[in-house]
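In our numbering, the protein residues as written are 62 to 328.
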């Protein structure tokens with residue numbers, strides 16, 4: 062009897078752990094070529110995340126056809142098993158770990174319980190935004206839950222410049238931007254080993270983004286004001302100044318360069 066109970070308990074434990082295993086995809090190939098190693102690695106990781114999601118989706122019956130930003134927002138961590146970089150290429154194998162609470166599927170309820178969400182009468186543990194459907198897509202696999210704000214289109218665009226100390230900083234900044242509800246899209250206009258120029262789609266005004274992004278560890282600063290050149294008189298002289306008074310300061314014109322963005326404390 063004890064053996065039967067032990068076996069039954071082991072089988073129940075195995076079944077309970079099976080969904081969690083699907084949220085960790087090991088040995089995922091990552092390879093890409095581009096103008097430089099930074100772009101190649103960024104593209105390779107994005108493709109590896111998609112490959113890992115497709116594997117997980119097949120195991121858990123999750124929906125397909127998600128955007129790169131949606132998949133990226135479900136990734137909790139990436140472990141490099143092996144990698145090799147050249148001047149214009151990157152190749153490696155990665156372990157991609159997904160957050161069950163964001164990805165959905167059979168393991169989602171247990172993940173919420175383990176993290177302190179759901180259950181009990183003290184409050185609601187639901188991560189589903191108001192008006193969102195909670196129906197399962199296939200079997201008991203629920204569709205990924207995306208915050209309602211992440212479905213809003215861009216209300217405007219700005220060009221921003223960022224400087225970073227290395228590839229890790231760039232990937233950290235990119236991940237935070239993609240997961241932030243203020244950012245609708247990110248287009249890389251130019252990138253090098255120590256910086257990049259971006260075109261950011263904002264869901265609200267730049268002023269609101271400046272206030273909201275620091276909570277995510279991101280600093281956004283407007284273009285530096287440019288001092289206007291004093292208008293000379295017809296004779297080529299500077300505007301007159303009252304005797305004994307200091308010269309009038311040139312008025313500051315609105316900055317016309319790119320916005321500055323980066324991880325907090327590094328802009």
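The C-beta atom is built at its ideal place from N, Cα and C for all residues, glycine as well. All figures in this text were calculated on a predicted structure; none of them were measured in a lab.
- Bridge pairing for residue 218: 262 [DSSP].
- Taking residue 115 as the centre and dropping the five residues before and after it, the same chain places no C-beta closer than 6 Å to its C-beta.
- Beta-bridge partners of residue 246 (DSSP): 262.
- In this structure, the straight-line span from the alpha carbon of residue 130 to that of residue 103 is close to 13 Å.
- Taking the CA atoms as reference points, residue 132 sits about 11 Å from residue 158.
- 216 is the residue among 156, 86, 105 and 216 whose C-alpha sits nearest the C-alpha of residue 268.
- Across the structure, residue 163 and residue 240 are spaced so that their CA atoms are roughly 12 Å apart.
- When only Cα atoms are considered, residue 92 and residue 272 end up about 37 Å apart.
- For residue 136, the pairing in a beta bridge is given by DSSP as 159.
- Check the Cα spacing between residue 253 and each of 117, 242, 97 and 284: the tightest is with 97.
- As DSSP reads the structure, residue 257 sits in a beta bridge with 223 and 252.
- Leaving aside the five residues that flank residue 258 on each side, the residues in its chain whose CB is nearer than 6 Å to its CB run, in chain order, 222, 250 and 251.
- In the three-state reduction of the DSSP assignment, residue 148 falls in the coil class, being assigned neither a helical nor a strand state.
- DSSP, read as helix, strand or coil, puts residue 281 in strand.
- Cβ neighbours of residue 319 within its own chain (closer than 7 Å, five residues either side excluded): 220, 221, 222, 258 and 284.
- In this structure, the alpha-carbon of residue 100 lies about 8 Å from that of residue 94.
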